[in-house]
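Visitor:
Chains as they are written, first to last, in the numbering used here: chain A, 19 to 324; chain B, 22 to 522.
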């Protein structure tokens with residue numbers, strides 16, 4: 019390293035030192051400490067006692083760990099593909115040359131900036147079994163057959179689908195990213211396809227999708243990571259719709275007991291910080307593995323595409 | 022009448038001065054409650070100070086302050102309440118602050134007080150006093166987050182037994198854990214049967230005679246249930262176990278069951294608990310699961326005009342002493358009665374459930390002595406009070422919140438002028454030998470969640486009571502074993518094990 023380079027390095031470190039300290043104190047240390055605590059019997063108030071792999075062994079035998087994981091994967095398995103399809107569909111529509119396009123973009127983006135608590139309270143009413151808009155709409159079709167819409171958040175069979183439907187409301191961020199991707203597709207590709215007689219659908223399948231495949235992959239991976247960490251909506255809505263005080267247990271009947279909700283109640287109600295740390299690390303590994311798989315899958319797709 | 026107006030009425034009743042219906046007198050300094058001057062003076066010209074005078078001002082102000090005020094210790098108090106309960110808390114604090122010049126209690130409304138107290142305690146900067154739920158006591162105490170109050174009690178010349186004997190036994194149990202006193206009571210609650218007299222009359226029942234036995238309760242419930250003749254859908258039910266659904270464990274105790282016995286979890290192994298959950302499931306079977314879902318989907322939050330008891334959808338509920346406040350706010354004029362839980366076990370009369378919000382001193386608090394002085398004030402009363410102004414501590418707080426006092430001795434004013442129309446019944450239930458509270462267990466949070474899970478599965482016909490409860494019990498047995506092992510690791514089991522329930 020030359021003297022000038024050393025000087026630049028020192029200046030660079032000096033300018034980023036605040037950020038480095040912040041990262042070390044507020045991110046790196048908690049992450050490292052959490053890894054240590056995951057091997058300890060630790061309640062936050064007493065000194066941690068090393069217990070080796072006990073927390074991880076207990077996790078493997080914990081029915082609620084598996085239940086919360088199944089609930090989370092169910093939600094992710096439905097919300098990520100549906101969310102991707104809806105966001106992409108909206109982006110394609112908003113990319114068309116129609117009047118009031120800017121207004122539509124604004125309208126579809128707005129829900130994604132509504133605070134999660136406000137949107138949860140709103141959707142609580144939409145999913146109200148008796149007075150909710152959702153059942154008001156469904157009953158138009160169901161009532162002639164003597165049927166009624168479900169109780170949604172108060173029904174264990176419908177509580178997770180309700181949260182999936184709600185998640186589609188907040189796809190505005192993904193729509194904006196898809197729009198940017200769509201506008202970067204070279205126009206000459208569409209022209210060539212049109213000259214070859216390709217229909218709109220075939221142009222979408224053979225031109226648009228391959229061209230924006232990296233954007234789709236990025237959005238899907240981000241959505242997957244977000245879905246694995248679902249917390250606030252489920253926490254607020256399951257309690258508000260089912261009463262049960264301050265139980266934080268994914269009511270009704272643990273149908274919305276998602277992984278992070280179980281982690282939270284383990285940590286802050288049962289004071290089992292060591293166990294919760296182990297849960298956090300397992301979630302990290304699961305999310306990393308799923309992300310890697312999604313990346314491999316999508317890479318294969320768009321790199322093979324013509 | 023809204024809560025603010027109702028509590029202004031409470032404050033103003035028997036008071037010397039009439040108050041505006043919407044004023045919150047307890048939030049004002051005492052001077053503001055004095056009679057106003059007949060006519061305001063014209064405004065005086067603004068005071069003008071020379072630069073030299075301005076420089077001297079801080080010194081003059083310091084000299085003007087009384088010696089006591091300069092030395093007053095500020096005690097931080099975190100409490101969950103906002104609204105009228107917070108106003109009542111503040112009124113008591115104001116009176117305490119005025120009663121001496123050494124301590125000033127600073128009240129802060131803090132949401133999720135338990136979690137924030139926990140984190141603040143771990144961080145070494147807790148409040149001096151935290152308002153927790155009773156269910157937190159065992160968990161927090163076992164985690165060494167709370168300071169036992171035993172030494173303070175002893176220094177004040179009492180034994181723990183003497184101190185606790187001032188409370189009704191159920192509240193004394195709530196304050197203690199593992200042989201130590203960890204808490205004082207701030208807001209006592211006792212849960213009783215509330216019934217809608219109008220619906221009783223419509224069903225041909227005597228509105229002044231609540232069901233006295235479980236068989237009568239079931240019979241009344243059937244007679245109070247109505248269906249739409251065309252669709253068969255429920256339009257009204259006598260009783261629905263999930264409303265409000267906060268204490269699903271209480272049905273076990275009501276049926277005579279135990280949740281924990283001799284160091285063992287007995288949720289599923291005590292047949293009386295299983296019988297209770299069979300009874301809960303019988304409601305869904307009788308009404309029909311789909312009918313229950315349709316009916317309950319229209320229920321609004323319990324503290325709203327669309328709560329099912331207020332809309333007449335449910336005729337009987339088990340609710341707390343505080344429910345009267347909400348009836349006045351959301352369904353004024355509702356004709357209702359309050360009584361003990363019907364006899365589920367022959368001979369067990371005046372059964373009820375009690376719980377409380379509590380005041381504790383987190384470990385690491387800076388002003389523990391002063392914090393204790395305030396807790397002591399809130400857990401004492403003037404037994405001779407004959408006017409509202411003579412009320413002190415617990416009675417002042419409970420009078421303003423329209424609740425019962427946790428103390429055995431009630432002053433004449435508190436007993437006779439309490440604005441709760443059923444306060445005598447609440448007192449009778451508080452004193453009952455058959456009033457129960459949640460088990461004093463370090464794993465109660467987990468236990469409670471398991472009970473709710475079983476309760477949900479049972480009422481939704483997702484499992485038989487035996488299956489659901491056996492699943493929960495197997496989890497709880499592991500939890501208790503792990504908890505015991507953890508206490509052993511930290512060297513606490515030897516001390517706690519002997520006193521564990």
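Don't be surprised by glycine CBs; every beta carbon is placed ideally from N, CA and C.
(1) Which residues in chain B sit within 7 Å of residue 287 (chain A), going by Cβ to Cβ distance?
(2) How big is the Cα-Cα spacing for residue 241 (chain A) and residue 226 (chain A)?
(3) Applying a beta-carbon distance threshold of less than 8 Å, which residues of chain B neighbour residue 283 (chain A)?
(4) What residues in the segment 143-169 of chain B have a beta carbon less than 7 Å from any beta carbon of chain A?
(5) Let's test the definition: count the other Cβ atoms within 10 Å of the Cβ of residue 210 (chain A) and tell me whether it reaches 16, buried, or not, exposed.
(6) So the beta strand (DSSP E) residue 418 (chain B) belongs to, where does it begin and stop?
(7) Would you mind stating whether residue 334 (chain A) and residue 192 (chain A) have Cβ atoms separated by less than 8 Å?
(8) Hey, is residue 113 (chain A)'s beta-carbon within less than 8 Å of any beta-carbon in chain B?
(9) So residue 221 (chain A) contacts chain B; which residues on that side make the cut at Cβ distance below 7 Å?
(10) Within the same chain, show all residues whose beta-carbon is closer than 8 Å to that of residue 118 (chain B), passing over the 5 residues directly before and after it, in chain order.
(11) Is the beta carbon of residue 361 (chain B) sitting closer than 8 Å to the one on residue 213 (chain B)?
(12) Of all the residues that make up the segment 131-158 of chain A, which are near chain B by a beta-carbon distance shorter than 7 Å?
(13) What did DSSP end up calling residue 424 (chain B) once you bin it into helix, strand or coil?
(14) Identify every residue that forms a DSSP beta bridge with residue 374 (chain B).
(15) Considering only residues of the same chain and omitting the five flanking positions on each side of residue 278 (chain B), which have a CB-CB separation below 7 Å?
(16) Does the beta carbon of residue 139 (chain B) sit closer than 8 Å to a beta carbon anywhere in chain A?
(17) What residues in its chain sit with their C-beta under 8 Å from that of residue 77 (chain A), if we drop five residues either side in the sequence?
(18) I want to know whether the segment 427-444 of chain B touches the segment 241-256 of chain B - three or more CB-CB distances under 8 Å.
(19) Answer yes or no: does any C-beta atom of chain B fall closer than 8 Å to that of residue 73 (chain A)?
(20) Taking the alpha helix (DSSP H) that residue 185 (chain A) belongs to, which residues open and close that run?
(21) For residue 439 (chain B), does the three-state DSSP call read helix, strand or coil?
(22) So, is residue 313 (chain B) buried or exposed, given that buried needs 16 or more other C-beta atoms within 10 angstroms?
(23) Under 8 Å between C-beta atoms, does residue 86 (chain A) make it to chain B?
(24) Determine which residues of the segment 36-63 of chain A have a Cβ less than 7 Å from any Cβ of chain B, and write them out in chain order.
(25) Using a Cβ-Cβ cut-off of 8 Å, state whether residue 324 (chain A) counts as contacting chain B.
(26) Quick check: the Cα distance between residue 90 (chain A) and residue 266 (chain B), rounded to an integer number of angstroms?
(27) Only counting runs of 4 or more residues, tell me where the alpha helix (DSSP H) segments fall wholly within the segment 95-164 of chain A, in order along the chain.
(28) Within 10 Å of its beta-carbon, does residue 472 (chain B) have 16 or more other beta-carbons around it, so buried, or fewer, so exposed?
(29) Answer with buried or exposed for residue 532 (chain B), where buried requires no fewer than 16 other C-beta atoms within 10 angstroms of its C-beta.
(30) Please say whether residue 225 (chain B) and residue 1 (chain B) have beta carbons closer to each other than 8 Å?
(31) Does the beta-carbon of residue 115 (chain A) have 16 or more other beta-carbons within 10 angstroms, so that it is buried, or is it exposed?
(32) Just the chain B side, please: which residues come within less than 8 Å of residue 269 (chain A) by C-beta, in chain order?
(33) For residue 147 (chain B) and residue 253 (chain B), what's the separation of their Cα atoms in angstroms?
(34) Would residue 60 (chain B) be called buried (16 or more neighbouring beta carbons within 10 Å of its own) or exposed?
(35) Among B:157, B:412 and B:427, which one has its Cα closest to the Cα of residue 189 (chain B)?
Guide: By the coordinates alone:
(1) For the purposes of this step, residue 287 (chain A) is identified with residue 269 of the first chain, where counting begins at 1. By Cβ distance, chain B contributes 466.
(2) Along the first chain, read from residue 1 onward, the residue named residue 241 (chain A) stands at position 223. Along the first chain, read from residue 1 onward, the residue named residue 226 (chain A) stands at position 208. Approximately 21 Å between the Cα atoms of the pair.
(3) To locate residue 283 (chain A), count along the first chain from 1; it is residue 265. Within chain B, the residues near residue 283 (chain A) are 466 and 470.
(4) Answer set for the segment 143-169 of chain B: 143, 160, 164, 165 and 166.
(5) Residue 210 (chain A) sits at position 192 when you count from the first residue of the first chain. When all chains shown are included, residue 210 (chain A) counts as exposed.
(6) Here residue 418 (chain B) corresponds to residue number 397 of the second chain, with the count starting at 1. First-last for residue 418 (chain B): 414-421, but that is the alpha helix (DSSP H), not the beta strand (DSSP E).
(7) The requested residue 334 (chain A) does not occur in the structure, where chain A is confined to residues 19 to 324.
(8) The residue you call residue 113 (chain A) lines up with position 95 of the first chain. The beta-carbon of residue 113 (chain A) is placed no less than 8 Å from the nearest beta-carbon of chain B.
(9) Stepping through the first chain from its first residue, residue 221 (chain A) is reached at position 203. Neighbours of residue 221 (chain A) on chain B: none; closest Cβ ~46 Å, over 7 Å.
(10) On the second chain, residue 118 (chain B) is found 97 positions in, with the first residue counted as 1. Within its own chain, the residues whose Cβ lies closer than 8 Å to the Cβ of residue 118 (chain B), once the five positions on either side in sequence are excluded, are 124, 125 and 126, listed in chain order.
(11) In the second chain, residue 361 (chain B) corresponds to position 340, counting from 1. In the second chain, residue 213 (chain B) corresponds to position 192, counting from 1. Yes, they are a contact pair.
(12) Hits within the stretch, in order: 146, 147, 148 and 149.
(13) Locating residue 424 (chain B) in the second chain gives position 403, where the first residue counts as 1. It is coil, neither helix nor strand.
(14) Here residue 374 (chain B) refers to the residue found at position 353 of the second chain. Residue pairing of residue 374 (chain B) in beta bridges, as defined by DSSP: B:212 and B:457.
(15) Against the second chain, residue 278 (chain B) aligns to sequence position 257. Around residue 278 (chain B): 291, 293, 294 and 297.
(16) The residue you call residue 139 (chain B) lines up with position 118 of the second chain. At least one chain A Cβ lies under 8 Å of residue 139 (chain B).
(17) The residue you call residue 77 (chain A) lines up with position 59 of the first chain. Within its own chain, the residues whose Cβ lies closer than 8 Å to the Cβ of residue 77 (chain A), once the five positions on either side in sequence are excluded, are 83, 293, 296, 297 and 300, listed in chain order.
(18) Remark: fewer than three beta-carbon pairs, one from each stretch, lie closer than 8 Å, so the segment 427-444 of chain B and the segment 241-256 of chain B are not flagged as touching.
(19) Position 55 of the first chain, counted from the start, is the residue given in the question as residue 73 (chain A). No Cβ of chain B is located within less than 8 Å of the beta carbon of residue 73 (chain A).
(20) If you number the first chain from 1, residue 185 (chain A) lands on position 167. First-last of the alpha helix (DSSP H) with residue 185 (chain A): 177-186.
(21) The sequence position of residue 439 (chain B) within the second chain is 418, counting from 1. Residue state, collapsed to three classes: coil.
(22) On the second chain, position 292 is the one that residue 313 (chain B) refers to. Residue 313 (chain B) is classed as buried because its beta carbon has at least 16 other beta carbons within 10 Å across all chains shown.
(23) Translated into the one-based positions of the first chain, residue 86 (chain A) becomes position 68. The beta carbon of residue 86 (chain A) sits no closer than 8 Å to any beta carbon of chain B.
(24) So the list reads 59, 61, 62 and 63, given in the order they occur along the chain.
(25) Locating residue 324 (chain A) in the first chain gives position 306, counting from the first residue. With a pLDDT of 46 at residue 324 (chain A), under the threshold of 50, the predicted position of this residue should be treated as unreliable, though the coordinate-derived value follows. The beta carbon of residue 324 (chain A) does not come within 8 Å of any beta carbon belonging to chain B, so the residue lies off that interface.
(26) By one-based count along the first chain, residue 90 (chain A) stands at place 72. By one-based count along the second chain, residue 266 (chain B) stands at place 245. Computed Cα separation, rounded: 26 Å.
(27) Listed in chain order, they are 119-127, 134-144 and 151-160.
(28) Mapped onto the second chain, residue 472 (chain B) falls at position 451. Residue 472 (chain B) sits buried, since 16 or more C-beta atoms from the chains shown fall within 10 Å of its C-beta.
(29) It is not possible to answer for residue 532 (chain B), since the shown part of chain B is limited to 22 through 522.
(30) Because chain B in this structure spans residues 22 to 522, residue 1 (chain B) falls outside the shown range and cannot be described.
(31) Residue mapping note: residue 115 (chain A) aligns to position 97 of the first chain, counting from 1. Counting every other CB atom within 10 Å of its CB across the protein chains shown gives residue 115 (chain A) a total below 16, marking it as exposed.
(32) Taking the first chain and counting its residues from 1, one reaches residue 269 (chain A) at position 251. Neighbours of residue 269 (chain A) on chain B, chain order: 473 and 477.
(33) Working through the second chain from its first residue, we reach residue 147 (chain B) at position 126. Working through the second chain from its first residue, we reach residue 253 (chain B) at position 232. Straight-line Cα distance between these residues: approximately 57 Å.
(34) Position 39 of the second chain holds residue 60 (chain B). Per-residue confidence for residue 60 (chain B) stands at a pLDDT of 40, beneath the threshold of 50, marking its modelled position as unreliable; the derived number appears in the next sentence. The residue is exposed, with fewer than 16 neighbouring Cβ atoms inside 10 Å.
(35) The residue given as residue 189 (chain B) occupies position 168 in the second chain. Looking at the Cα atoms, B:427 is the closest of the given residues.
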